[in-house]
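Everything on this sheet refers to the single structure shown next.
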Amino acid sequence: MPEITLLNKYLPPNTAEYVLKLLKRYPVYFKIVAPRKTKLGDFKVYNKTGKLQITINNDLKPLNFLITTIHELAHLYNWKMYKNDIDPHGEEWKNEYKKLFLPILSTQFLSQEEVNLLQAHLNNPKASSCADVMLKKHFKKEGVVHLEDVPFGKYFNLDGRMFSIEKKLRKRYLCVEQSSGRKYYINGLAEVENVTIEEAKQIEGCLTNSKLQKKDEINAVSETEKKGIKYLKDVPIGEIFFFQKKLFRNDKKLRTRFLCTEQSTDRKYYINGQAKVFEM
Ligand SMILES: [Zn+2]
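Take the position in the sequence shown, starting the count at 1, then add 1093; the result is the number in the working numbering.
Right under this line is the structure:
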């Protein structure tokens, strides 16, 4: 299929030509792929070969496809100029992102509603279009809810497993799997299905077998959100952090170690300041 025809299938009408021009500025592998739960698209540099690749989920609405593609193109252009010297979604990225949108911010390319939406969005682009409330409302798929939309104490279904929410952390939720009582950290943007307790019991009964193989997937969801890796010595006193799958509070600095309290048991531990932890 000629490139332009393929792009036309995914993008708002009249924008494919412009996007194709941007894609051709530098050699890059551009792949439209099966949807992933944890991201809409990504930009990757293969260290060994130097190959550059952009992937975009194939289930995005046209405007979201455009936003995601331009988001990743801005990473590509930044990389060409600065390599790893800059903050991935810092000033340079924001400027590039806005710059790439400018030529198509008119009703010649998009509907008036889309232009308005984008103008509001571009005033302060977020790292993820999912973090932008207006856009999120616009893109909300029917029947799909994000974990962050599920009320406390209600049940939800993620990949055939029933959970309830126990606690909200910054971006993730501490959730209890109903069949095992085990706790998991799940990204607030994970796509889940809202279910009643009766439905939960029914589904749980049918799906006990699929439990084990799905475990890795859910761990993967939480792994991808473990950004903010830092050393314990950089976590401020009084702050909560995540270490060896448990939550701790940093209580006190000793010479090389820190006195920390595990949050679920209130037990005290001495942890080395060089331990790699995740900030919550
Ligand atoms: Zn990004």
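Beta carbons are placed, not taken as given, at the ideal position from N, Cα and C, and that holds for glycine.
- Rounded to the nearest angstrom, the gap between the Cα atoms of LYS1361 and GLU1355 is 6 Å.
- Pairwise C-beta distances place the region 1158–1170 in contact with the region 1134–1142, as three or more of them are shorter than 8 Å.
- The DSSP-derived three-state label of PHE1158 is helix.
- The alpha-carbon separation between ALA1368 and PRO1120 amounts to approximately 40 Å.
- If the five residues before and after ILE1179 are omitted, its C-beta is found closer than 6 Å to the C-beta atoms of GLU1185, all from its own chain and listed in chain order.
- Out of GLN1201, ARG1263, LEU1262, ASN1250, the CA that lies nearest to the CA of GLN1271 is found in ASN1250.
- When DSSP assignments are scanned along the region 1315–1350, the uninterrupted stretches of beta strand (DSSP E) that are 3 or more residues long and fall wholly within it turn out to be 1322–1324, 1333–1336, 1339–1346.
- The straight-line gap separating the alpha-carbon atoms of ASP1152 and ILE1125 is approximately 9 Å.
- In this structure GLU1207 is buried. Its beta-carbon is surrounded by 16 or more other beta-carbon atoms within 10 angstroms.
- DSSP, read as helix, strand or coil, puts ASP1242 in helix.
- GLU1372 has its alpha-carbon roughly 14 Å from the corresponding atom of ASN1280.
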